[in-house]
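**Q** In the working numbering, the protein residues as written are 2 to 107.
Sharing a structure below in structure tokens format, with a few things to ask.
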């Protein structure tokens with residue numbers, strides 16, 4: 002069977018494994034770029050932990066990065082229409098030593 006027989010024209014068959022479907026929590030993103038790619042590092046910064054870990058790295062072409070930006074704008078707009086505006090922090094500072102909260106003890 003050809004792909005056109007199994008999928009409507011222009012549709013993409015995407016496979017999502019259980020492991021990937023669970024997702025990974027990140028509360029910080031760092032972005033770098035060169036003349037040929039954008040690198041997005043998704044990081045988890047935990048309270049009281051001085052070292053943050055990169056949980057996922059995504060590398061995109063500049064064209065795909067721009068498409069991602071537009072897709073995020075569109076989805077944020079839809080979200081705000083449905084649920085109300087998203088608060089924007091006035092300023093973000095990297096917390097010293099994680100979030101600076103008390104460190105748990107066992």
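Just so it is clear, CB atoms sit at the ideal spot from N, CA and C, and this is done for glycine as well.
These numbers come from a predicted model, not from an experiment.
If you draw a straight line from the alpha carbon of residue 49 to that of residue 79, how long is it in whole angstroms?
**A** 35 angstroms
**Q** The alpha helix (DSSP H) with residue 67 in it runs from where to where?
**A** That run of the alpha helix (DSSP H) goes 63-84.
**Q** Taking only the alpha-carbon atoms, compute the straight-line gap between residue 65 and residue 85 and give it to the nearest angstrom.
**A** 28 angstroms
**Q** For the candidate residues 69, 67 and 46, whose alpha-carbon lies nearest to that of residue 29?
**A** If you compare the alpha carbons of 69, 67 and 46 with that of residue 29, the shortest gap goes to 46.
**Q** Using the DSSP secondary-structure output, state which residues sit across from residue 55 in a beta bridge.
**A** 44
**Q** Given a cut-off of 7 angstroms, decide if residue 40 and residue 27 are closer than it, judged by their beta-carbon atoms.
**A** no
**Q** Does DSSP put residue 27 in a helix, a strand or coil?
**A** Here residue 27 carries a coil assignment [DSSP, helix/strand/coil].
**Q** How is the alpha helix (DSSP H) around residue 22 delimited, first residue to last?
**A** 19-22
**Q** Roughly how many whole angstroms lie between the Cα atoms of residue 56 and residue 10?
**A** 35 angstroms
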